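Protein chains: 2
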Amino acid sequence: MEFDDKVPIYYQIEQYIDRQIIVGDLAPGDQIPAVRQLALTLTVNVNTIQRALAELIRQGILVSQRGKGNFVTTDTAVLAAMKKRVINAELAETYEHLMGLGMTPAEMLAALEAYIQERKDRDAHD
Amino acid sequence: MEFDDKVPIYYQIEQYIDRQIIVGDLAPGDQIPAVRQLALTLTVNVNTIQRALAELIRQGILVSQRGKGNFVTTDTAVLAAMKKRVINAELAETYEHLMGLGMTPAEMLAALEAYIQERKDRDAHD
DNA sequence: ATGAGCGTAATAGCAAACTAGAACACTAGT
DNA sequence: ACTAGTGTTCTAGTTTGCTATTACGCTCAT
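Structure, rendered in C-alpha cells:
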C-alpha cells in the first residue's frame, strides 16, 4: 500500500479499515486478517498495525479476541455512526479548505462539478 | 494558529501562505511579515518558519532578499499556476476519498450539496 | 500435551519534526 | 561608524513515528 508520508501510517491504516467496512469489503462480525498478515500486506511493522487496531478497538469498531483474531463489531449502530462521522469529516474538511480559499458554497459545487467533468473527459481518452 | 498534529507544521504553514496569496491578503510584490514576527504570530520556532519559506522560495512563489525581507513574487503566471494546483489538489483529494467510500460522482455532488444545506441551517439558528 | 495460529507486550535503535539559543550576513537609516 | 531590522545557518536536545526482534498468552485441532 502507498502511504502519504505527511501523515502517520498508523492513522492511514485506521482510515483504510474504516473504509473497507463502509464499502462492505468487511461486514459486521467478519474476522479481519491476522496482524502479521496485515503487516506483510501493507509492508509495515506489526507494532504499527497494532497501534492502528488499538484505536479502532478503543472506538468499538473492532473487537479483539486473544488467540482467535480481530473482528468487526456486530453493533451496527457503532458502524453507522462511524460511517456518518467519516463522510461528514471528509465534507467538512473540503468545505473549510475551499472556504479558506475564498469560495462561496455555490462556487464549491460548481468547482466539484467541473472537476468531475474534467476527470471524466481525461479518463475517457486514456 | 491551530495546527493539525497529524501533518508537519512546516507544511501547514506553506499552505497557509499559499492561501493568503490566493485570497488576496498578500498581493504580488507584497512583503510578508519578518520570520521572527511570523514565529511569534504562529507560536512556532523560527527554524520551522524558515523551513516552510524555503520551499515556497524554491517554488518561486516567494522571493527572498537578505537584509530586506521576503516578498511575494510579481510573476503572476507562477501565482496563477499555484492557485490552480492548490484548488485542483483539494478537489482531487476529496474525489479520491469519496470514491474510496464507494460514492459515484453524482452522489458526491449530492452529498456536498446536502452538507452545505445542513451547515446553512446549523449556522442559522446559532 | 503439543503445535500452529492468533493477539499482546517490551526492548532497543533510527530518523524526522520541532524547539531553544546563538551566531553570522546583509540593508538602510541615523 | 553605529544600530535596528531583516534573512541565514548551525548546534544541541526532545519527542514522535516506525522498525526489528524477541518473548509471552490464549485458543483450537490433532
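Protein chains in written order, with our numbering: chain C, 1246 to 1371; chain E, 1246 to 1371.
All C-beta atoms in this analysis are idealised placements derived from N, C-alpha and C, irrespective of residue type, glycine included.
No experiment lies behind these values; they were computed from the predicted model shown.
Between which residues of its own chain and Asp1276 of chain E is the CB-CB distance below 6 Å, once the five residues before and five after are set aside?
To locate residue 1276 of chain E, count along the second sequence from 1; it is residue 31. The question names Asp, but residue 1276 of chain E in the sequence shown is Gln. If we look at Gln1276 of chain E and ignore the five residues flanking it on each side, its Cβ neighbours are Gly1314 and Phe1316.
Determine the direct distance from the alpha carbon of His1342 of chain C to that of Ala1297 of chain C, and round the result to whole angstroms.
In the first sequence, residue 1297 of chain C corresponds to position 52, counting from 1. In the first sequence, residue 1342 of chain C corresponds to position 97, counting from 1. Taking the straight line joining both Cα atoms gives about 27 Å.
Got a sec? Which residues, its chain only, sit under 6 Å from Met1373 of chain C by beta carbon, not counting five neighbours each side?
An answer regarding residue 1373 of chain C cannot be provided, because it is not within the stretch 1246 to 1371 covered by chain C.
Neighbouring residues, chain C, relative to Val1252 of chain E (Cβ below 8 Å)
Along the second sequence, one-based indexing puts residue 1252 of chain E at 7. Within chain C, the residues near Val1252 of chain E are Lys1251 and Val1252.
Classify Glu1375 of chain E: buried if its beta carbon has 16 or more other beta carbons within 10 angstroms, exposed otherwise.
Because chain E is modelled from 1246 through 1371, residue 1375 of chain E falls outside the range shown and cannot be assessed.
Inter-residue spacing [alpha-carbon to alpha-carbon] between Thr1293 of chain E and Thr1293 of chain C:
Working through the second sequence from its first residue, we reach residue 1293 of chain E at position 48. Working through the first sequence from its first residue, we reach residue 1293 of chain C at position 48. Rounded to whole angstroms, Thr1293 of chain E to Thr1293 of chain C spans 27 Å at the Cα level.
Considering only the beta carbon of each residue, do Ala1325 of chain E and Tyr1360 of chain C sit closer than 9 Å?
Here residue 1325 of chain E refers to the residue found at position 80 of the second sequence. Here residue 1360 of chain C refers to the residue found at position 115 of the first sequence. Not closer than 9 Å, so no.
Test: Gln1329 of chain C CB closer than 9 Å to a CB of chain E:
Here residue 1329 of chain C refers to the residue found at position 84 when the first sequence is read from its first residue. One detail in the question is off: residue 1329 of chain C reads as Lys in this sequence, not Gln. No, no contact with chain E.
Considering only residues of the segment 1308-1341 of chain C, which uninterrupted beta strand (DSSP E) runs meet the minimum length of 3 residues and lie entirely inside it, listed in chain order?
1314-1317
I need the DSSP call for Gln1276 of chain E, collapsed to helix, strand or coil.
Sequence index remark: in the second sequence, residue 1276 of chain E carries index 31 (1-based). It is a strand residue.
When you compare the CB positions of Ile1254 of chain E and Val1280 of chain E, do they come within less than 9 Å of one another, or not?
Position 9 of the second sequence holds residue 1254 of chain E. Position 35 of the second sequence holds residue 1280 of chain E. No, the pair does not count as a contact, with Cβ atoms beyond the cut-off.
Rounded to whole angstroms, what's the CA-CA distance from Val1252 of chain C to Gly1305 of chain E? Just pull it up for me.
Against the first sequence, residue 1252 of chain C aligns to sequence position 7. Against the second sequence, residue 1305 of chain E aligns to sequence position 60. Near 26 Å, if we compare the C-alpha coordinates of Gly1305 of chain E and Val1252 of chain C.
Neighbour flag for Leu1307 of chain E against chain C, beta carbons, 9 Å
Mapped onto the second sequence, residue 1307 of chain E falls at position 62. No, Leu1307 of chain E lies away from the interface with chain C (no Cβ there is under 9 Å from its Cβ).
Below 8 Å on C-beta distance, what does Met1353 of chain E contact in chain C?
Stepping through the second sequence from its first residue, residue 1353 of chain E is reached at position 108. By Cβ distance, chain C contributes Leu1357 and Ile1361.
Shorter than 9 Å from the beta carbon of Ala1337 of chain C to some beta carbon of chain E?
The residue given as residue 1337 of chain C occupies position 92 in the first sequence. Yes - at least one Cβ of chain E is within 9 Å of the one on Ala1337 of chain C.
What does the alpha-carbon distance come out to for the pair Ile1258 of chain C and Asn1333 of chain E?
For the purposes of this step, residue 1258 of chain C is taken as the residue at position 13 of the first sequence. For the purposes of this step, residue 1333 of chain E is taken as the residue at position 88 of the second sequence. Taking the straight line from one Cα to the other gives about 25 Å.
CB-CB under 8 Å to Tyr1265 of chain C, same chain, minus the five flanking residues each way: which ones, in chain order?
Walking along the first sequence from the start, residue 1265 of chain C turns up at place 20. Note on residue identity: the sequence assigns Gln, not Tyr, to residue 1265 of chain C. For Gln1265 of chain C, where only same-chain residues beyond five positions count, the Cβ hits under 8 Å are Leu1271.
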